[in-house]
DNA sequence: ACTTAGACGTGGAGTATGCAACGAAAGTTC
DNA sequence: GAACTTTCGTTGCATACTCCACGTCTAAGT
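Residue numbers (my numbering), protein chains in the order written: chain S, 1 to 276; chain E, 1 to 276.
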């Protein structure tokens, strides 16, 4: 990465020189500025950037292509856009391929929420899809969540949104920590919608430990609990146990589970909902 | 607005009809879906939307143009992009024209924060600019904020971000309410960066009452307080008083204030910083 | 049944963007 | 100081997108 070397060099020479005619270190400066620009605006045009920096569009295009190659921004025809909210940059195929299933699960789970109810929604891509459908349906409910994208998706609609406090985790665009759990424990709701990293006969598990505590707290504070989980997670096991199967009122998924899991669900009295 | 009539009509006839072949109300449905899509992704392409809905690109283009005309989305060559984060849709010229000043103020204020410090940052467009520069500088600090865009802008960098709880306000993409104030009062920091709707000789004022309480709480919990405010707000007066001038360690602005205000600042011992 | 208006698709002209290759100017190294 | 590298502009061409005009279809009104 030769540009990093130049980058650090550029910082050292920002001595109060006049703004005009600075023939050095333009490239790194430009790219940092582009990233900065995209932190505020979701989308910038090639032409605007070219005019802003006083360089040709072709140069900006090279910058944008380089940044896009590094996974720092997303490319679009005629410009560049910021990365998707709350998405770890290290996903490409799988998450995109599964978006169809997530939507089906989310749509189905959103139908479970009645107007006027209070709901807790966990962070996660499947639950985010569900929140989108809640907003789309205009369901008039009160939602407690630790996910920023979910708050934003629901907040501009009919729902009332209460956000949990906590340490911000940029990879998930959500908050975690003891503050979050403590806050959840001070609230009680009609139902909660949570996700998980895996589901076995003994119950749902979560790979991220901090999240497990939050999901557990949500389970405790809800009259009804719904697990939203794709069929690809069946049989998988995260390191932390979220709760027993019996804590779940229902499991919403996209494919029917196998014998063993079905039996475990039936034994625990957990309803199985397969999204069409 | 003929489309509004059609929109409301579409809502009433969502009787559990089969999903296939619904020749009615496609337009309103599509536009709602486009808006929903942009809540998640910052940018969508015309071609993708056309394929998604199974309509021609020209139709999508008409939708996008209409939504753009209503100020709900932003247009781009080849697609549509979401509006700027945390911005009320009801502003057009003034805020855009002031973006240059906000950047200057933000850059200048970000330089006040030393590595390792703890900081509270209020929601607002000027403070968001400041947060961008903090992220840009890579200042290694701990930030308490009630603004979602600020959390997201800072969270992916070197800073540690703690988000306040509260009722989500979509117009500002921030949380407000008693939970927020209570949370702030349980923390103490080295300095706070706040904005305001107006600044007179008696001190800063805020137009939104819920925000005033938050700013006040931040002032109380900070060893040093910095007000970030554009010169266009001098002499303006919001309905709620945020605090006395003496509570402010410094005022960061872009233009020098008049005699009366300068005298009030000097009398209160408040430092005046004019961004170059 | 006829009319009318709105919604949507189609086709072609015009423009903007992307891509690749070349070349100039400045910096770097020996 | 010469050769090399990097950065950036320019050119030409392929592609994608936009804009405009017109035609068809459906739904609602008379």
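Positions of the beta carbon are idealized from the N, C-alpha and C atoms, including for glycine.
- [ ] Quick one: which unbroken alpha helix (DSSP H) runs of 4-plus residues sit fully inside the stretch 151 to 185 of chain E? Chain order, please.
- [x] Listed in chain order, the complete alpha helix (DSSP H) runs (minimum 4 residues) inside the stretch 151 to 185 of chain E are 178 to 185.
- [ ] Establish whether the CB of residue 73 of chain E and some CB of chain S are separated by less than 7 Å.
- [x] The count along the second chain starts at 1 and reaches residue 73 of chain E at position 73. Contact with chain S is absent for residue 73 of chain E, since none of that chain's Cβ atoms lies less than 7 Å from the residue's Cβ.
Open item on the list: Quick check on the DSSP output: what are the complete beta strand (DSSP E) runs of length 3 or more inside the stretch 207 to 239 of chain S, in order along the chain?
Closed with: Counting only runs of 3 or more, we get 222 to 228.
TODO: State the DSSP-derived secondary structure class of residue 70 of chain E, mapped to helix, strand or coil.
DONE: The count along the second chain starts at 1 and reaches residue 70 of chain E at position 70. DSSP places residue 70 of chain E in coil when its eight states are reduced to three.
Task: C-alpha distance - residue 160 of chain S paired with residue 183 of chain E, whole-angstrom precision - done: For this step, residue 160 of chain S is matched to residue 160 along the first chain. For this step, residue 183 of chain E is matched to residue 183 along the second chain. Using only the alpha carbons, I get a separation of about 20 Å.
Task: Alpha-carbon spacing of residue 26 of chain S relative to residue 74 of chain S, whole angstroms - done: Here residue 26 of chain S is taken as the residue at index 26 of the first chain, counted from 1. Here residue 74 of chain S is taken as the residue at index 74 of the first chain, counted from 1. Each residue's CA atom was taken as its position, placing residue 26 of chain S and residue 74 of chain S some 22 Å apart.
TODO: Helix, strand or coil for residue 52 of chain E, going by three-state DSSP, please let me know.
DONE: To locate residue 52 of chain E, count along the second chain from 1; it is residue 52. Three-state DSSP puts residue 52 of chain E in a helix.
TODO: Find the residues of chain E that neighbour residue 218 of chain S, judging by a C-beta separation of less than 8 Å, and give them in chain order.
DONE: Taking the first chain and counting its residues from 1, the one referred to as residue 218 of chain S is at position 218. Residues of chain E with a Cβ closer than 8 Å to the Cβ of residue 218 of chain S do not exist; the shortest Cβ-Cβ separation is about 15 Å.
Open item on the list: Output needed in chain order: residues of the stretch 28 to 46 of chain E with a Cβ under 8 Å from some Cβ in chain S.
Closed with: The residues in question are 32, 33, 36, 39, 40, 41, 42, 43, 45.
Task: Which residues DSSP lists as bridging residue 147 of chain E, in chain order - done: In the second chain, counting from the first residue as 1, residue 147 of chain E sits at position 147. E/174, per the DSSP bridge assignment.
Open item on the list: Let me check understanding here. Comparing Cα to Cα, which of E/128, E/134, E/108 lies closest to residue 115 of chain E?
Closed with: As a first step, residue 115 of chain E must be located in the second chain, where it is residue number 115. Of E/128, E/134, E/108, the residue nearest in Cα terms is E/134.
TODO: Would you give the residue range spanned by the alpha helix (DSSP H) that residue 188 of chain E belongs to?
DONE: In the second chain, counting from the first residue as 1, residue 188 of chain E sits at position 188. Counting along the chain, residue 188 of chain E sits inside no alpha helix (DSSP H), nor does DSSP assign it H or E at all.
Task: Beta-carbon gap between residue 248 of chain E and residue 225 of chain E smaller than 7 Å - done: As a working mapping, residue 248 of chain E is identified with position 248 in the second chain. As a working mapping, residue 225 of chain E is identified with position 225 in the second chain. Yes, they are a contact pair.
TODO: Pull out every residue of the stretch 166 to 184 of chain E whose Cβ sits closer than 7 Å to any Cβ of chain S, in chain order.
DONE: Listed in sequence order: 166, 167, 168, 170, 173, 175, 183.
TODO: Would you check if the stretch 52 to 70 of chain S and the stretch 58 to 77 of chain E touch, i.e. whether three or more CB-CB distances between them fall below 8 Å?
DONE: Put simply, the stretch 58 to 77 of chain E does not touch the stretch 52 to 70 of chain S. Fewer than three CB pairs are less than 8 Å apart.
Open item on the list: I want to verify the contact list: residues of chain E whose CB lies under 9 Å from the CB of residue 261 of chain S, in sequence order.
Closed with: For the purposes of this step, residue 261 of chain S is taken as the residue at position 261 of the first chain. Correct list: empty, because the minimum Cβ distance to chain E is about 29 Å.
Open item on the list: Considering just the uninterrupted stretch of the beta strand (DSSP E) at residue 45 of chain E, what are its terminal residues?
Closed with: In the second chain, residue 45 of chain E corresponds to position 45, counting from 1. If you look at residue 45 of chain E, you'll find it in the beta strand (DSSP E) that goes 43 to 45.
Open item on the list: Along the stretch 52 to 79 of chain S, where does the CB come closer than 9 Å to a CB of chain E? Name the residues.
Closed with: For the stretch 52 to 79 of chain S, which is checked against every Cβ of chain E, the residues closer than 9 Å are 74, 76, 77, 78, 79.
TODO: Find the residues of chain E that neighbour residue 155 of chain S, judging by a C-beta separation of less than 7 Å, and give them in chain order.
DONE: For the purposes of this step, residue 155 of chain S is taken as the residue at position 155 of the first chain. Close to residue 155 of chain S, with beta-carbon spacing below 7 Å, are these residues of chain E in chain order: 168, 170.
Task: DSSP state of residue 195 of chain E mapped onto helix, strand, coil - done: Counting from 1 along the second chain, the entry for residue 195 of chain E is found at position 195. Of the three classes helix, strand and coil, the one that applies to residue 195 of chain E here is coil, per DSSP.
Task: residue 136 of chain S versus residue 257 of chain E - alpha carbon distance - done: Within the first chain, residue 136 of chain S is the residue found at index 136, counting from 1. Within the second chain, residue 257 of chain E is the residue found at index 257, counting from 1. Spanning the two alpha carbons is a distance of roughly 48 Å.
Task: Length of the line joining the Cα atoms of residue 174 of chain S and residue 246 of chain S - done: Position 174 of the first chain, counted from the start, is the residue given in the question as residue 174 of chain S. Position 246 of the first chain, counted from the start, is the residue given in the question as residue 246 of chain S. Distance from the CA atom of residue 174 of chain S to the CA atom of residue 246 of chain S, rounded to whole angstroms, is 27 Å.
TODO: For residue 43 of chain E, collect the residues of the same chain with a Cβ closer than 8 Å to its Cβ; drop the 5 residues on either side in sequence, then sort them by chain order.
DONE: Mapped onto the second chain, residue 43 of chain E falls at position 43. So the qualifying residues of the chain are 76, 79, 80, 81, 82.
TODO: Give, in chain order, every unbroken run of the alpha helix (DSSP H) that is at least 4 residues long and sits entirely within the stretch 245 to 276 of chain E.
DONE: Runs found: 259 to 268.
- [ ] Tell me, please, whether the CB atom of residue 211 of chain S is closer than 7 Å to any CB atom in chain E?
- [x] As a working mapping, residue 211 of chain S is identified with position 211 in the first chain. Chain E contact via Cβ: absent.
TODO: Label residue 128 of chain E either buried or exposed according to how many other C-beta atoms from any shown protein chain fall within 10 Å of its C-beta, with 16 as the threshold for buried.
DONE: Counting from one through the second chain, the residue named residue 128 of chain E turns up at place 128. Buried, by the Cβ-count rule.
Open item on the list: Quick check on the DSSP output: the alpha helix (DSSP H) that includes residue 126 of chain E runs from which residue to which?
Closed with: For the purposes of this step, residue 126 of chain E is taken as residue 126 along the second chain, with counting starting at 1. Note, residue 126 of chain E: alpha helix (DSSP H), 125 to 137.
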